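The listed protein sequences derive, respectively, from chains A and B.
Take the first sequence: its letter number 15 is residue 14 in numbering that gives the first Met the number 0, and every next letter is one higher.
Take the second sequence: its letter number 150 is residue 149 in numbering that gives the first Met the number 0, and every next letter is one higher.
Note that beta-carbon positions come from the ideal geometry of N, C-alpha and C, so glycine has one too.
All of these numbers come straight from a predicted model, not from anything done at the bench.
Report on one structure; see the data block that follows.
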Amino acid sequence: MIVRNQVWGLPVAVEMTLLAVASFAVVWAYIFWRRGDVKAAAVGGALGVVLPAVALGILASELLKPPTAGILVLPLLNPHANLSSWMVWGASGISLLILLSLLFTAPLIKPFDKIAVWGRDRRVMNALGLLMSAFGVFVALYTGLVLSYERGIPFWHSAAVPLLALFMGVAAGSGLYGLLGRVETGKWIALGSGLAALTCLVHRHLSLIGPEAAAFSAQGAMSDPAALGGVALALVAAAVAMFGRKRPSVAVAGALAIVAVFLIRMSLLLWGAWDFP
Amino acid sequence: MKPVFVIDINKCVGCRACVAACVVEHGQVFTAAKPANMGKPQTVKLRTWVEWRESEDPPARRFVSSLCYHCEDTPCQRVCPTGATYKTPEGVVLVDKDLCIGCGYCIIACPYGSRYRPEPHEWREAEEKPLVKEAEAGAAYGGVLFKPPVPNKWAFRVDAVDKCTFCYHRYKGDGRLWTPACVEVCPTGSRLFGDLDDPSDPVAELVRRGVAKLARPDLKTGGRVYYVGGL
Chain A
0 MIVRNQVWGL PVAVEMTLLA VASFAVVWAY IFWRRGDVKA AAVGGALGVV
50 LPAVALGILA SELLKPPTAG ILVLPLLNPH ANLSSWMVWG ASGISLLILL
100 SLLFTAPLIK PFDKIAVWGR DRRVMNALGL LMSAFGVFVA LYTGLVLSYE
150 RGIPFWHSAA VPLLALFMGV AAGSGLYGLL GRVETGKWIA LGSGLAALTC
200 LVHRHLSLIG PEAAAFSAQG AMSDPAALGG VALALVAAAV AMFGRKRPSV
250 AVAGALAIVA VFLIRMSLLL WGAWDFP
Chain B
0 MKPVFVIDIN KCVGCRACVA ACVVEHGQVF TAAKPANMGK PQTVKLRTWV
50 EWRESEDPPA RRFVSSLCYH CEDTPCQRVC PTGATYKTPE GVVLVDKDLC
100 IGCGYCIIAC PYGSRYRPEP HEWREAEEKP LVKEAEAGAA YGGVLFKPPV
150 PNKWAFRVDA VDKCTFCYHR YKGDGRLWTP ACVEVCPTGS RLFGDLDDPS
200 DPVAELVRRG VAKLARPDLK TGGRVYYVGG L
């Protein structure tokens, strides 16, 4: 008996999209800081604090025991934490991303630069930026690994899912800077969106020849206007970003990439299905 | 002791006495009793449930009842971030209701659909109304929430994921097999409970002889629930 997932729905799709945007926004923040563009770096760094914090907030609101939401902050330190659960590693990664982004961004913002004295040492900032970027990439991967690790839902139990999550992170994070008018992110929007669309199509095709529940999910996702729209928008974003090098084109491509990431994530979640005995 | 559950599909008549016994035993919210749900099938997942499958040639209806499979290799335990899901020395998989935060990851990981989260409307209903032992008038109350007659730490709670416990609270810790509520009330003997470690146990013998089989051996999770008669 095939049953569609209703446990993780829209709030989780929003949460994971926010994490995707933040994941590579912080990578760009570090790149811009290296180039001396402090203002652009501060934007990405601040988003590395705000978006994952909002994502954790959404996750907490979905719990049956909201007062215990504190467990989502660095759960690795909790004595009850189950280290074989990806959620523990993921929530710890998100917490560290928030912390590192805060440490990286504080010295870049005017009123705080006098307090955040570590910002005066370039080696410290370099280390913080590198770590922040590494955790950004990890968070992007985590949003796929958390789905793909177990076999319960065959549509998710695929190596393509973490890859898809990574490419969606590249598309969404770069898309955000594209939206802010940074034309140098254009080719990364194109690359991320293009690879996300390709991986999504390959994943759906492979699922069609997989277990019955995976085939059901893939068929559903292929006939769902929102899911098809996600792939189509990702391809349009890739094309616009690749051929339109000017600021408005890159901004449009960035916006399309973020919407595409949300729709692809949504279809992935909502078309997940079990095959119960 | 290794408790094992055998369900004889050929004997099940779909009366759902097992479901009712489980609901009363563990105090679950039974929203099928809501006026809006009159005449509809069960609307929420419970610890145990009965579905039917029909075939046309020859015309037949078979009832398939399910519960937690108490896997040997437990995906739910592996993904649980707080360690709320654990296994007893007898191999019964349980949820520590205090530790469970209700993230739902175990429900996602379970390939058998054996776990469920109380739905938000049930949560509200349960908060607005204290636990009641008797069903109130359907119009005044959204669902019927039963108070478990024997309080136990694995009973239904609105703030934690719920699943079958094999009625582990009935185990006295003396190494002797107990009887789950659903097995006790089954009028046809479709539900059987035995001990795999007992060489003279007739229920365990069904498993040993291969008469009773796992529902999904392809998933390689193992388990303590076997079926007589194909699914």
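Rounded to whole angstroms, the separation of the alpha carbons of A/G271 and A/C199 is 14 Å. Considering only beta carbons, the part of the region 148–168 of chain B lying closer than 7 Å to chain A consists of D158 and A159, in chain order. Under DSSP, B/P2 shares a beta bridge with B/D194. Following the DSSP letters along the chain, one finds A/K186 inside the alpha helix (DSSP H) bounded by residues G185 to L207. If you compare the alpha carbons of A/A256, A/V249 and A/A24 with that of A/L46, the shortest gap goes to A/A24.
For A/A272, the enclosing beta strand (DSSP E) has its first and last residue at A272 to D274. Between the beta-carbon of A/I93 and that of A/L55 there is about 6 Å, and that keeps the pair under the 8 Å contact cut. DSSP, read as helix, strand or coil, puts A/I93 in helix.
When Cβ pairs closer than 8 Å are counted between the two stretches, the region 50–66 of chain B is seen not to touch the region 74–84 of chain B, the count staying below three. For B/L218, the chain A residues whose C-beta falls within less than 8 Å of its own C-beta are R150, listed in chain order. Listed along chain B, the residues sitting closer than 8 Å to A/W7 by beta-carbon distance are G103 and I107. In this structure, the CA atom of A/G185 is about 23 Å from the CA atom of A/P161. DSSP, reduced to helix, strand and coil, places B/W48 within a strand of the structure shown. Collapsing the DSSP output to three states places A/A19 in a helix.
Using a Cβ-Cβ cut-off of 7 Å, A/T67 counts as an interface residue toward chain B, since at least one Cβ of chain B sits closer than that to its own. The C-alpha of B/V182 is placed about 20 Å away from the C-alpha of B/T87. The DSSP-derived three-state label of B/F155 is coil. Unbroken alpha helix (DSSP H) stretches of 4 residues or longer found wholly inside the region 64–149 of chain A: 85–104 and 121–147, given in chain order. In the three-state reduction of the DSSP assignment, A/R3 falls in the strand class, which pools E and B. Residue A/S173 holds the alpha-carbon nearest to the alpha-carbon of A/A236 among A/W32, A/L146 and A/S173. Looking at A/V145, A/L107, A/F242 and A/L102, the one whose alpha-carbon comes closest to that of A/L130 is A/L102.
DSSP places B/S64 inside the beta strand (DSSP E), whose first and last residues are A59 to S65. Residues of chain A whose Cβ lies closer than 8 Å to the Cβ of B/A214 are, in chain order, P276.
Cα atoms of A/Q218 and B/R116: separation of roughly 28 Å, rounded to the nearest angstrom. Look at A/V87: its C-beta is under 7 Å from a C-beta on chain B. Annotation for B/R215: P110 and Y111 place their beta carbon closer than 8 Å to its own, counting only its chain and skipping 5 residues before and after. Two segments are said to touch when three or more pairs of C-beta atoms, one from each, lie closer than 8 Å; by this definition the region 97–114 of chain A does not touch the region 89–102 of chain B.
In the DSSP assignment, B/L93 falls within the unbroken beta strand (DSSP E) covering V92 to V94. At least one beta carbon of chain A lies nearer than 7 Å to the beta carbon of B/R77. When Cβ-Cβ separations below 7 Å define contact, A/H156 makes no contact with chain B. In the structure shown, the three-state DSSP call for A/L58 is helix. Of all C-beta pairs linking the region 15–30 of chain A to the region 163–180 of chain A, three or more are shorter than 8 Å, placing the two stretches in contact. Following the DSSP letters along the chain, one finds B/Y85 inside the beta strand (DSSP E) bounded by residues T84 to K86. Exclusion of the five residues before and after A/R264 leaves A12, M15 and T16 as the residues of its chain whose Cβ lies within less than 6 Å of its Cβ. If you look at B/V227, you'll find it in the beta strand (DSSP E) that goes V224 to V227. Put simply, the backbone Cα of A/L58 is about 29 Å away from that of A/A214.
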